[in-house]
DNA sequence: CTGAAAGCGCTTACAG
DNA sequence: CTGAAAGCGCTTACAG
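Residue numbers (my numbering), protein chains in the order written: chain A, 38 to 385; chain B, 38 to 385.
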């Protein structure tokens with residue numbers, strides 16, 4: 038039994054009536070015929086064809102998700118959040134994975150080389166009549182121009198674009214929190230391993246760091262801020278540099294876990310201990326943070342929440358409801374073993 | 038310009054002719070009218086409605102993917118592979134994430150509690166008229182019964198079910214390879230930290246271990262095989278146990294990276310060195326393997342390939358082509374720093 | 001409360 | 001080579 042027509046024949050009613058009970062238009066059909074039809078639907082295990090319905094009502098209840106790279110750590114949790122909202126609201130996700138990380142790494146300018154692929158993915162999604170599109174960035178940054186303008190709602194998560202709606206986490210307050218945590222632990226020489234300054238995320242995090250220092254009347258010192266490239270190796274190199282300098286920091290804050298763990302290794306290689314001699318705090322709460330020695334205190338990203346918020350905002354947009362165009366969600370600090378109280382050491 | 042009808046009107050031909058050029062039925066239309074129509078399509082940036090086409094031809098070019106948990110490490114790469122095949126063959130993925138890991142952890146019997154949700158996900162996918170379904174397991178094991186029987190092609194990746202088609206990696210040959218690698222490095226006391234024996238995967242890996250020993254005329258010794266629960270802590274505990282025993286192993290093979298890295302930590306805590314005193318090899322090639330000290334030699338899973346193979350097999354099935362019902366793909370060993378030549382040490 | 005009819009945007013024999 | 005017509009499985013005013 039495959040169609041409404043067949044169910045209607047069995048129940049000796051019209052297809053319209055079957056459609057009415059399927060769509061819970063209870064005022065349109067007597068409870069008698071309603072029960073009869075429901076019974077037949079149960080017996081025959083009939084599942085209405087949503088494709089046909091979609092064509093008719095011009096709405097597919099489908100969200101197109103374009104992920105820059107699903108194998109990058111932040112993306113699965115974001116999609117998990119999108120999925121949760123979708124499930125609760127009877128939407129489906131049509132997923133397209135661009136696989137950009139392997140193709141271009143951190144060389145984001147390369148993205149123009151994939152413009153044609155991306156356009157193709159988008160066009161395919163649109164031809165499937167998705168109700169809206171969520172673009173999931175593999176790293177917080179400006180992606181203006183990667184997507185052509187379309188007449189369906191589009192929203193960016195984990196990245197942003199000029200004049201576009203986006204959902205992200207709040208870099209500044211997260212870094213404020215991390216810095217404040219170190220200050221509260223008694224640290225007075227807090228070095229920062231920053232990300233490249235062309236990253237707006239790095240800039241916001243730096244601002245959070247400065248704000249926390251300032252708020253505690255501590256001096257911001259240029260020599261305590263070094264810049265890496267987000268990689269493990271660069272964290273290692275910069276960690277060594279900080280440890281070898283004449284002004285040894287009491288704590289190091291890194292803008293991601295990879296650089297943090299690189300720094301931890303450098304500190305340990307120099308014979309110092311984490312956190313006894315130097316505390317370290319990372320950022321991202323990558324899975325490996327719990328398996329390092331010591332386990333890494335870090336900042337947890339609200340990825341699931343971002344995905345959930347993205348989906349709910351997109352659907353609100355589809356339904357022409359009012360929305361907030363620039364959403365920033367707060368991060369939590371995860372206290373583990375790499376950051377502790379500052380107790381004075383051999384240096385002054 | 039949104040429909041074939043409108044394009045037809047502009048080109049002063051019938052919708053049938055537009056449809057013919059859209060579907061490359063070149064013998065059906067003169068190159069003149071063909072060019073004219075193509076030109077108009079370009080100008081108007083017309084994208085045919087695939088929902089309408091799907092309804093008409095009773096084929097959506099859509100693969101339903103049910104992932105037990107997209108946040109578990111193996112799943113994104115598998116989906117990446119499914120996506121790659123789909124992209125090349127003009128299919129789309131409708132993704133449903135069950136989020137089971139958080140809900141049930143390793144307590145797989147709990148899965149029956151989610152039967153209703155899973156049935157719902159499947160029903161929704163079917164009502165969207167997917168051409169076939171791929172079920173992505175979060176851990177290799179028997180999932181017979183989680184999915185009800187349906188009349189669309191279904192395939193299992195990263196898990197298996199009775200009488201069902203599945204794509205997995207070859208546990209036995211992978212473990213044979215890992216064991217053989219240690220033997221070739223001169224190790225003669227190779228301990229094994231196994232997974233629970235109710236896991237078929239653990240059984241196959243054990244068989245590979247035994248086969249490699251046997252092949253080199255080495256004795257299999259029960260006291261060298263200990264059983265963990267896949268977790269970091271259990272690896273730590275068992276690593277300590279092995280290190281504290283009177284018959285110190287020269288190498289430890291673990292059935293996953295988490296237990297391997299737990300063992301490494303235990304070895305180091307006891308004052309021994311990896312790999313100088315004891316070599317360690319893991320399994321899975323989790324991302325953190327490159328960031329541990331020493332970096333972990335391990336077995337790489339062919340996840341992308343499994344996903345690609347799953348998608349291509351599923352579509353072959355949809356097209357009624359012959360397929361292989363039980364596919365096992367080989368794994369590669371990734372040599373890093375945790376396994377080295379065995380040079381005799383203080384023990385005999 | 002119920003049904004006949006039109007139509008969503010395509011495709012596909014078929015006739016010419 | 002081209003077009004008229006029917007139909008995929010639904011929904012929705014509308015008439016009764």
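Each residue gets a CB set at the ideal place from its N, CA and C atoms; glycine is no exception.
Alpha carbon of residue i to alpha carbon of residue j, nearest angstrom
i	j	result
residue 382(B)	residue 314(B)	Legend: pLDDT at residue 382(B) = 45, less than 50; position of this residue unreliable, value from coordinates given subsequently. Looking at the two C-alpha atoms, the distance is approximately 7 Å.
residue 111(A)	residue 271(A)	21 Å
residue 52(B)	residue 45(B)	5 Å
residue 385(A)	residue 301(B)	Any reading at residue 385(A) must be qualified, since the residue scores a pLDDT of 39, below 50, and its modelled position is unreliable; the value itself is stated next. Cα to Cα, the separation comes out at about 36 Å.
residue 232(A)	residue 134(B)	33 Å
residue 187(B)	residue 164(B)	12 Å
residue 173(B)	residue 344(A)	21 Å
residue 67(A)	residue 57(A)	11 Å
residue 241(B)	residue 269(A)	35 Å
residue 335(B)	residue 376(B)	9 Å
residue 263(B)	residue 292(B)	11 Å
residue 206(B)	residue 226(A)	50 Å
residue 321(A)	residue 211(A)	10 Å
residue 122(B)	residue 310(B)	44 Å
residue 142(B)	residue 117(A)	16 Å
residue 47(A)	residue 87(A)	21 Å
residue 81(B)	residue 49(B)	15 Å
residue 132(B)	residue 167(B)	11 Å
residue 367(A)	residue 342(B)	38 Å
residue 374(B)	residue 312(B)	7 Å
residue 286(A)	residue 327(A)	24 Å
residue 197(A)	residue 190(A)	14 Å
residue 273(A)	residue 284(A)	18 Å
residue 281(A)	residue 317(B)	32 Å
Residue range of the unbroken beta strand (DSSP E) whose run includes residue i
i	result
residue 37(A)	Nothing about residue 37(A) can be reported from this structure: the residues present for chain A run from 38 to 385 only.
residue 133(B)	129-134
residue 369(A)	369-371
residue 363(B)	363-366
residue 227(A)	227-231
Run of the alpha helix (DSSP H) containing residue i, from where it starts to where it stops
i	result
residue 101(B)	It is not in any alpha helix (DSSP H) - residue 101(B) instead sits in the beta strand (DSSP E) that spans 99-104.
residue 266(B)	Looking at the DSSP string, residue 266(B) is not in any alpha helix (DSSP H), and its letter there is neither H nor E.
residue 172(B)	No alpha helix (DSSP H) contains residue 172(B), which is instead part of the beta strand (DSSP E) from 169-173.
residue 96(A)	Here residue 96(A) belongs to no alpha helix (DSSP H), and DSSP marks it neither H nor E.
residue 139(B)	137-141
residue 117(A)	111-125
residue 210(A)	208-221
residue 378(A)	Premise fails: residue 378(A) is in no alpha helix (DSSP H) and is neither H nor E.
Any non-hydrogen atom of the ligand SAH closer than 7 Å to residue i Cβ
i	result
residue 43(A)	Among the components of this structure there are no ligands whatsoever, and the ligand SAH is therefore not found.
Contact list for residue i against chain A, beta-carbon separation under 7 Å
i	result
residue 330(B)	302
residue 161(B)	129
residue 81(B)	Here the premise fails: no neighbours, minimum Cβ distance about 13 Å.
Where residue i meets chain A, residues with beta-carbon distance less than 8 Å
i	result
residue 297(B)	Within chain A, no residue comes near residue 297(B); the closest Cβ sits about 10 Å away, beyond 8 Å.
residue 88(B)	88, 91, 92, 97, 165, 166
residue 108(B)	113, 114, 117
residue 84(B)	160, 163, 164
Partner residues on chain B for residue i, Cβ-Cβ distance less than 9 Å
i	result
residue 132(A)	102, 116, 120, 129, 130, 131, 132
residue 26(A)	Any answer about residue 26(A) is impossible in this case: the structure gives chain A only from 38 up to 385.
Rounded Cβ spacing between residue i and residue j (contact assumed at less than 8 Å)
i	j	result
residue 348(A)	residue 77(A)	Wrong, their Cβ atoms sit about 35 Å apart, outside the cutoff.
residue 138(A)	residue 108(A)	7 Å
residue 333(B)	residue 297(B)	6 Å
residue 101(A)	residue 162(A)	4 Å
residue 407(B)	residue 289(B)	Beyond the ends of chain B as shown, which are 38 and 385, falls residue 407(B); an answer cannot be given.
residue 208(B)	residue 238(B)	5 Å
Within chain B, partners of residue i - CB distance below 8 Å
i	result
residue 136(A)	117, 120, 121
residue 320(A)	Residues of chain B passing the Cβ test: none, with the nearest at roughly 15 Å.
residue 269(A)	327, 328
field: Every unbroken beta strand (DSSP E) within the segment 156-206 of chain A, with a cutoff of 3 residues, ordered by chain
entry: 169-173, 191-194, 202-206
field: Contained alpha helix (DSSP H) runs [length at least 4] in the segment 287-362 of chain A, N- to C-terminal order
entry: 294-306, 340-355
- prompt: What are the start and end residues of each continuous alpha helix (DSSP H) run of 4 or more residues lying completely inside the segment 59-92 of chain B, in chain order?
  reply: 68-81
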